[in-house]
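Report on one structure; see the data block that follows.
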Amino acid sequence: MPIIGEGSWRYDFQRDWASLPRWWNLGETGHAGPPRTSVQGAVAANGDVYVLCRAAHPVLVFDANGNFVSSWGEGKFSTFVHGLAIDLGGKIWIADSGLHTVTQHEPDGTLLQTLGTPNAAAPTFYGQPFNMPTGTAFTSDGDVFVSDGYGNRRVHRFSRDGTLKYSWGEHGTGPGQFVLVHFIGADWRDRLYVCDRDNHRIQIFSPAGETLAEWTGFKMPSDLAFGHEVIYVGGGDGLSIWTPERRLIARFNPDVAGEGSLNIHGIWIDAAENIYLAQFDRAVSKLTKVKA
Numbered sequence: 007m008p009i010i011g012e013g014s015w016r017y018d019f020q021r022d023w024a025s026l027p028r029w030w031n032l033g034e035t036g037h038a039g040p041p042r043t044s045v046q047g048a049v050a051a052n053g054d055v056y057v058l059c060r061a062a063h064p065v066l067v068f069d070a071n072g073n074f075v076s077s078w079g080e081g082k083f084s085t086f087v088h089g090l091a092i093d094l095g096g097k098i099w100i101a102d103s104g105l106h107t108v109t110q111h112e113p114d115g116t117l118l119q120t121l122g123t124p125n126a127a128a129p130t131f132y133g134q135p136f137n138m139p140t141g142t143a144f145t146s147d148g149d150v151f152v153s154d155g156y157g158n159r160r161v162h163r164f165s166r167d168g169t170l171k172y173s174w175g176e177h178g179t180g181p182g183q184f185v186l187v188h189f190i191g192a193d194w195r196d197r198l199y200v201c202d203r204d205n206h207r208i209q210i211f212s213p214a215g216e217t218l219a220e221w222t223g224f225k226m227p228s229d230l231a232f233g234h235e236v237i238y239v240g241g242g243d244g245l246s247i248w249t250p251e252r253r254l255i256a257r258f259n260p261d262v263a264g265e266g267s268l269n270i271h272g273i274w275i276d277a278a279e280n281i282y283l284a285q286f287d288r289a290v291s292k293l294t295k296v297k298a
């Protein structure tokens, strides 16, 4: 495997990490677009890796070595399903931009809860949930935050039972405004990081929606993941690693073995902080840190 990065941040890069059953793929079917598109994923407490894709088998489960375990969601999601996250209790959440819903599932796919009405979009830019939601995040009190993302410019806060508490955000370039609310994540202090992708920035909020900071210096940041001491950001400028104080530790975007640059849609990590990437160039890659 090629090695990318430098110094203390060197990784074995394994493109097409996941082993699929014969004749399966990671990709879009039934309409124009790339033949394979994986969009996001997450790692469960037991080490299983969940990968969301726009394909006949939307949710794919692999072990830590990339061996196929199971799949679910067949026929249940749109061809523009967008975000997958795992909450503190191990439940799986899917944001489906095409159906305008956010759903909660058991790890085996059993549906537990649906937020929004399938195929019923809220009026564009009016701020009510949902119009093409993109992702979910969770704070330590169990509340659920949804980035409502393509047809709205909002973040919604729900209680764990699905009751809408409040929302914030509007179209624009100022604090608390968005052009595209692409993904959302919560750090270890319950601060909400919103990938305002088309404004080329990340905005940071309190759980009450108060603007805390703005992070610039990115090209179309798509997603981020929180390690024990650092924050990993993926986007159009590849992979970057930051301290919580916003000091850049490393950034790399190589043409790995002629496969193209790391144009990233989704990024997540496991307990050992190995990095997984869902790339726009139609691959799920794994970066395993090289021991010093």
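Each number in our numbering comes from the position in the sequence shown (counting from 1) with 6 added on.
Quick reminder that beta carbons are idealized off the backbone N, C-alpha and C, glycines included.
Could you tell me whether the segment 174 to 192 touches the segment 200 to 208, using the rule of 3 or more Cβ pairs below 8 angstroms? yes
Looking at the structure shown, is R28 part of a helix, part of a strand, or coil, going by DSSP? In this structure, R28 counts as coil in the three-state DSSP scheme.
Kindly indicate which three-state DSSP category D69 falls into: helix, strand or coil? coil
Using a 10 Å radius around the Cβ and a threshold of 16 neighbouring Cβ atoms, would you call V135 buried or exposed? The sequence given here places Pro at residue 135; Val does not occur at that position. So P135 ends up on the buried side.
Does at least one heavy atom of the ligand ADP sit under 6 angstroms from the Cβ of V200? Ligands in the displayed structure: none, and consequently the ligand ADP is not present.
At which residues does the beta strand (DSSP E) containing Y17 begin and terminate? W15 to Q20
A51 to K97, Cα distance in whole Å? 11 angstroms
Going by other Cβ atoms of all chains shown within 10 Å of its Cβ, with 16 needed for buried, is A289 buried or exposed? buried
Got a sec? Which residues, its chain only, sit under 6 angstroms from R197 by beta carbon, not counting five neighbours each side? I210
For L94, tell me which candidate among V150, Q119, W23 and G241 has the shortest Cα-Cα distance. V150
Going by DSSP, which residues form a beta bridge with R160? D154
Going by DSSP, what residue range makes up the beta strand (DSSP E) through K295? Per DSSP, K295 belongs to the beta strand (DSSP E) from A289 to K295.
If you draw a straight line from the C-alpha of H37 to the C-alpha of E251, how long is it? With a pLDDT of 37 at H37, under the threshold of 50, the modelled position of that residue is not reliable, and the figure given next carries that caveat. Rounded to whole angstroms, H37 to E251 spans 43 angstroms at the Cα level.
On the DSSP bridge list, what partners appear for A192? L198
Hey, would you say S44 sits closer than 7 angstroms to V65, going by beta carbons? no
Rounded to the nearest angstrom, how far is the Cβ of H234 from that of T222, given a contact under 8 angstroms? Contact doesn't hold; Cβ gap of about 25 angstroms is too wide.
Name the residue from F68, T116 and S76 whose alpha carbon lies nearest to the alpha carbon of K82. That would be T116, whose Cα lies nearest to the Cα of K82.
Alpha-carbon to alpha-carbon, T179 and T85: 30 angstroms
Please name the residue or residues paired with E80 in a DSSP beta bridge. DSSP output for E80 lists no bridge partner at all.
Reference D147, options A61, S165, R159 and G133, closest by Cα: S165
According to DSSP, which residues form a beta bridge with R207? D202
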